[in-house]
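S.K.: Those protein sequence lines, which keep their order, are chains A and B.
Per the working numbering, the very first residue in the first sequence carries number 8; after that it's consecutive.
Per the working numbering, the very first residue in the second sequence carries number 8; after that it's consecutive.
We put the CB at the ideal spot given by N, CA and C, even for glycine.
Before we start, here is the structure in question, set down as C-alpha cells.
Number of protein chains: 2
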Amino acid sequence: MNLSIAEENYVKAIYKLQEGDTAVTTNALAYELDTKPASVTDMAKKLKDKQLIDYEKYKGITLTAEGRKTALQIVRRHRLWECFLVDKLAFSWEEVHELAEELEHVRSEKLTNRLSEYLGNPTVDPHGDPIPDAHGRMAKPRPQTSLDQANAKRLVVTAVTDQSVALLAFLNAKGIRLGTQLEIVAHYEYDNSIEIKMKHAPSLTISEQVAKNIMVRPV
Amino acid sequence: MNLSIAEENYVKAIYKLQEGDTAVTTNALAYELDTKPASVTDMAKKLKDKQLIDYEKYKGITLTAEGRKTALQIVRRHRLWECFLVDKLAFSWEEVHELAEELEHVRSEKLTNRLSEYLGNPTVDPHGDPIPDAHGRMAKPRPQTSLDQANAKRLVVTAVTDQSVALLAFLNAKGIRLGTQLEIVAHYEYDNSIEIKMKHAPSLTISEQVAKNIMVRPV
DNA sequence: AATATTGTTTAGACAAATCTAAATAATTTA
DNA sequence: TAAATTATTTAGATTTGTCTAAACAATATT
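Shown next as C-alpha cells:
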C-alpha cells in the first residue's frame, strides 16, 4: 500500500497514543499532530478505507493489524535514523528527532535493512526506545516510570517522552542525558518540585512538569 | 526560502537542462519531469514569484543566481547521499539514484555538512559527477566525451548520463561500471554499433544508443 | 430530567500541484 | 507570405490535505 507522508504521520501518531486497547480520540490526535479535529475526522475516513484503522463515528480510532504493522515500520525507520545521526554523524540526542521525522518517510525496505545492519542491528535508539526488527518485533520496553512517580531512590535515565527541542536542550544544559544516574533527594508536594542529585555535582531542583517527561528505572 | 519538494525538483531539473545560457523550454522541462507543459507553465509563474528563475511567456526559463545556488544545494545533497549509499551501505552504483532522489529533500545544512565530513568530503559521486561544496563550488568535470564520440582508443568510464534502471542494470550485467577500462576495437558506421574490449574478457558489441550515455576519458 | 458543556462531524471553502481541452503564439514549410 | 505545424499558455477541473463555522452527539452539571 502506498501511503502519503501525511497518512504515515497519522498512523504513527495513532500508534503512539494507542495504549492497550483504548481507542484514540479525535481531539487527542488533533492535538498530537498539531491540527484541527475536523481534519482528523477527514483523514480517519481515508485510513478506514485503506483498512489501516477501525473507526466509527464518535467511537474513536484503533489500528488494525495492518495499521500496526505499518506503524512499526515507520517507527523502525525513525529510530534507526536517530541511531545513525547520533552514532555516525555525532549529533547529540536532542537534535535528532526532527531530522528523523523526515528521513523516516523514505520507504525502502532494502535501505532500512542495510542501515540497520550497518549500525549493528541496534535494539534501542538514543532516547532509549526499542527499535522494531524487520518483522515488527520489538524488545519489551524495560520497566520504567516517569521521574515524578519513581519509588526507588537511585535511578538511571532511560528515555525522555516529550522531545521538544526546548526540553531536550534544557536537560542537556543540566547535564541530564540518557544513562545519567541520579538520586531523588526530596519531593516537595507544596510547590510540585523535585530535588535530585547527580554524581560529582550539586543537587538541583526541577519541576514535576519536567519530571513527568523523564523516564527512569531503578539502578 | 522554504521550497516544496515539487519546487525543488523543478529547480534541479532546470539546472540540469540549462547548458550555458540557453533558456530551458517548457516542453523539455515537462519531458524531463514526466509531467505536462501546462503544469510547467503554472510552476514557472510560481518560481518566478520566488525569484528563482527568469521567465517570460514563450521565452523559456533560466535560473537566477539565487536559483542556481538552490540547485547546487540540492545537487550536493543528492550526490552525497549517493556516496553514502554506495560507500557505507554497499549499494551498487545503479541502485542509488532513486533513493537519493528522496533523501536529497531533507533540507538541513548541518546534516548535509556532517554527512560530507563523515564521507571524507568526497568531490565526485559514484557516477563520476562532481559534488558541490558547502559554498556551491564544484570541481570542473574532467574532460570527458560520450563513448560514441571518443577519439582515443584506451578509455576509462567516468559517468553514465541516462540513469534509468534498465540501462544501469544492463551495463552492470556486461561488467561495465565506473572506472572500468576499455578499448575501442571498431566503430561500425553501417549499423551504428561499437565493438569494445575490456581486460580479461572477450570483446563485445554495443549500440551507439547505449554508447551515447557512457561518458569516458582517455586513460 | 433539563440544561450546559465538551467532543465530533458535516458542509463548504482554500491552496498546492496536477490534469485536459481549447486558445493563442511562434516557427516551419510550401 | 500564407498555411500548416509545433510550442506554449489559459481556463476550468481534480485530488490531497487542510481550514472555519455551524450542526449534531455525548457527557457532565444543576
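#1: Any beta-carbon of chain B closer than 7 Å to the one on A/Tyr125?
#2: Anyone know if the C-beta pair for B/Asp132 and B/Glu89 falls short of 7 Å?
#3: Between the segment 71-97 of chain B and chain A, which residues of the former have CB atoms less than 9 Å from a CB of the latter, in chain order?
#4: Counting along the chain, where does the beta strand (DSSP E) carrying B/Tyr62 start and finish?
#5: Considering just the uninterrupted stretch of the beta strand (DSSP E) at B/Tyr195, what are its terminal residues?
#6: Whether or not the segment 119-138 of chain B and the segment 57-75 of chain B are in contact is what I'm after, with contact meaning three or more pairs of Cβ atoms, one per stretch, closer than 8 Å; do they touch?
#7: Using three-state DSSP, classify A/Ser153 as helix, strand or coil.
#8: Touch check for the segment 139-156 of chain A and the segment 96-110 of chain A: three-plus C-beta pairs under 8 Å?
#9: For A/Ser210, count neighbouring C-beta atoms within 10 Å of its own C-beta (all shown protein chains included) and say buried if the count is 16 or more, exposed if not.
#10: Give the straight-line distance between the Cα atoms of A/Val47 and B/Lys219, rounded to the nearest whole angstrom.
#11: According to the neighbour-count rule (16 or more other Cβ atoms, all chains shown, within 10 Å of its Cβ), is B/Gly67 buried or exposed?
#12: Once the 5 residues before and after B/Glu196 are set aside, which same chain residues still bring their CB inside 7 Å of it?
#13: Applying a beta-carbon distance threshold of less than 9 Å, which residues of chain B neighbour A/Glu63?
#14: By how many angstroms is the C-alpha of A/Lys43 removed from the C-alpha of B/Val172?
#15: Three or more C-beta pairs under 8 Å: does that hold for the segment 13-22 of chain B against the segment 51-68 of chain B?
#16: Let me see if you follow: with CB-CB separation under 7 Å, is A/Val113 close to chain B or not?
#17: Tell me the residue span of the alpha helix (DSSP H) that contains A/Ile21.
#18: How would you write the range of the beta strand (DSSP E) that A/Arg144 sits in, first residue to last?
#19: Assign B/Ala193 to buried or exposed, taking buried as 16 or more other Cβ atoms, counted over all protein chains shown, within 10 Å of its Cβ.
#20: Is the Cβ of A/Arg144 closer than 7 Å to any Cβ of chain B?
#21: Would you give the residue range spanned by the beta strand (DSSP E) that A/Ile213 belongs to?
#22: My output table needs one value for A/Lys117: the three-state DSSP class, helix, strand or coil.
#23: Hey, A/Ile12 and A/His112: beta-carbon distance below 7 Å or not?
#24: Measuring only the C-alpha atoms, how far is A/Leu87 from A/Ser123?
#25: Under 7 Å between the Cβ atoms of B/Val226 and B/Val163?
#26: List the residues of chain A that B/Leu110 touches, going by C-beta distances under 8 Å, in chain order.
#27: How would you call B/Thr33, buried or exposed, if buried means at least 16 neighbouring beta carbons within 10 angstroms?
#28: A/Leu175 and A/Val223 - do their beta-carbons sit closer together than 7 Å?
#29: Report yes if the C-beta distance between A/Leu92 and A/Val82 is below 7 Å; otherwise report no.
#30: Can you tell me where the alpha helix (DSSP H) holding A/Met50 begins and where it ends?
#31: Taking only the alpha-carbon atoms, compute the straight-line gap between B/Ala107 and A/Ser115 and give it to the nearest angstrom.
#32: If distances are taken between C-alpha atoms only, which option among B/Glu109, B/Gly127, B/Ile191, B/Asn128 comes closest to B/Gln156?
M.R.: Working from what's here:
#1: Taking the first sequence and counting its residues from 1, one reaches residue 125 of chain A at position 118. With 7 Å as the cut-off, A/Tyr125 counts as an interface residue toward chain B.
#2: Numbered from its first residue, the second sequence carries residue 132 of chain B at position 125. Numbered from its first residue, the second sequence carries residue 89 of chain B at position 82. A contact, by the Cβ cut-off of 7 Å.
#3: Leu92, Lys95, Leu96, Ala97
#4: Taking the second sequence and counting its residues from 1, one reaches residue 62 of chain B at position 55. 60-62 is the extent of the beta strand (DSSP E) around B/Tyr62.
#5: Taking the first residue of the second sequence as position 1, residue 195 of chain B is located at position 188. Run containing B/Tyr195: 188-195, per the beta strand (DSSP E) assignment.
#6: no
#7: Indexing the first sequence from 1 puts residue 153 of chain A at position 146. Here A/Ser153 sits in strand by DSSP.
#8: no
#9: Position 203 of the first sequence, counted from the start, is the residue given in the question as residue 210 of chain A. That one is exposed.
#10: For the purposes of this step, residue 47 of chain A is taken as residue 40 along the first sequence, with counting starting at 1. For the purposes of this step, residue 219 of chain B is taken as residue 212 along the second sequence, with counting starting at 1. Near 52 Å, if we compare the C-alpha coordinates of B/Lys219 and A/Val47.
#11: Numbered from its first residue, the second sequence carries residue 67 of chain B at position 60. By the 10 Å Cβ count, B/Gly67 comes out buried.
#12: By 1-based counting over the second sequence, the position of residue 196 of chain B is 189. No residues qualify anywhere along the chain.
#13: Along the first sequence, one-based indexing puts residue 63 of chain A at 56. Near A/Glu63 there are no residues of chain B at all, since even the closest Cβ is about 35 Å away, more than 9 Å.
#14: The sequence position of residue 172 of chain B within the second sequence is 165, counting from 1. The sequence position of residue 43 of chain A within the first sequence is 36, counting from 1. Between B/Val172 and A/Lys43, the C-alpha separation is close to 42 Å.
#15: yes
#16: Numbered from 1 along the first sequence, position 106 holds the residue referred to as residue 113 of chain A. Chain B, which has a Cβ nearer than 7 Å to the Cβ of A/Val113, makes this yes.
#17: Indexing the first sequence from 1 puts residue 21 of chain A at position 14. Segment 12-24, the alpha helix (DSSP H) holding A/Ile21.
#18: The residue you call residue 144 of chain A lines up with position 137 of the first sequence. A/Arg144 -> no beta strand (DSSP E), and no H or E assigned at all.
#19: Here residue 193 of chain B refers to the residue found at position 186 when the second sequence is read from its first residue. Answer is exposed; the Cβ neighbour count stays below 16.
#20: Your numbering for residue 144 of chain A matches position 137 in the first sequence. It does not; no Cβ of chain B falls within 7 Å.
#21: Residue numbering aside, residue 213 of chain A sits at position 206 when the first sequence is read from its first letter. Here the beta strand (DSSP E) through A/Ile213 covers 211-214.
#22: What you label residue 117 of chain A is simply residue 110 of the first sequence in a count that begins at 1. Three-state result, A/Lys117: helix.
#23: Here residue 12 of chain A refers to the residue found at position 5 when the first sequence is read from its first residue. Here residue 112 of chain A refers to the residue found at position 105 when the first sequence is read from its first residue. Going by C-beta atoms, A/Ile12 is nearer than 7 Å to A/His112.
#24: Position 80 of the first sequence, counting from 1, holds the residue named residue 87 of chain A. Position 116 of the first sequence, counting from 1, holds the residue named residue 123 of chain A. Computed Cα separation, rounded: 6 Å.
#25: In the second sequence, counting from the first residue as 1, residue 226 of chain B sits at position 219. In the second sequence, counting from the first residue as 1, residue 163 of chain B sits at position 156. Yes, the Cβ-Cβ distance between B/Val226 and B/Val163 is below 7 Å.
#26: Against the second sequence, residue 110 of chain B aligns to sequence position 103. Within chain A, the residues near B/Leu110 are Leu110, Val113.
#27: Counted from its first residue, the second sequence places residue 33 of chain B at position 26. The residue is buried, with at least 16 neighbouring Cβ atoms inside 10 Å.
#28: Mapped onto the first sequence, residue 223 of chain A falls at position 216. Mapped onto the first sequence, residue 175 of chain A falls at position 168. No. Outside cutoff.
#29: Working through the first sequence from its first residue, we reach residue 92 of chain A at position 85. Working through the first sequence from its first residue, we reach residue 82 of chain A at position 75. No, the pair does not count as a contact, with Cβ atoms beyond the cut-off.
#30: The residue you call residue 50 of chain A lines up with position 43 of the first sequence. Segment 44-56, the alpha helix (DSSP H) holding A/Met50.
#31: Mapped onto the second sequence, residue 107 of chain B falls at position 100. Mapped onto the first sequence, residue 115 of chain A falls at position 108. In a straight line, the C-alpha of B/Ala107 is about 11 Å away from that of A/Ser115.
#32: Within the second sequence, residue 156 of chain B is the residue found at index 149, counting from 1. Nearest option by C-alpha distance: B/Ile191.
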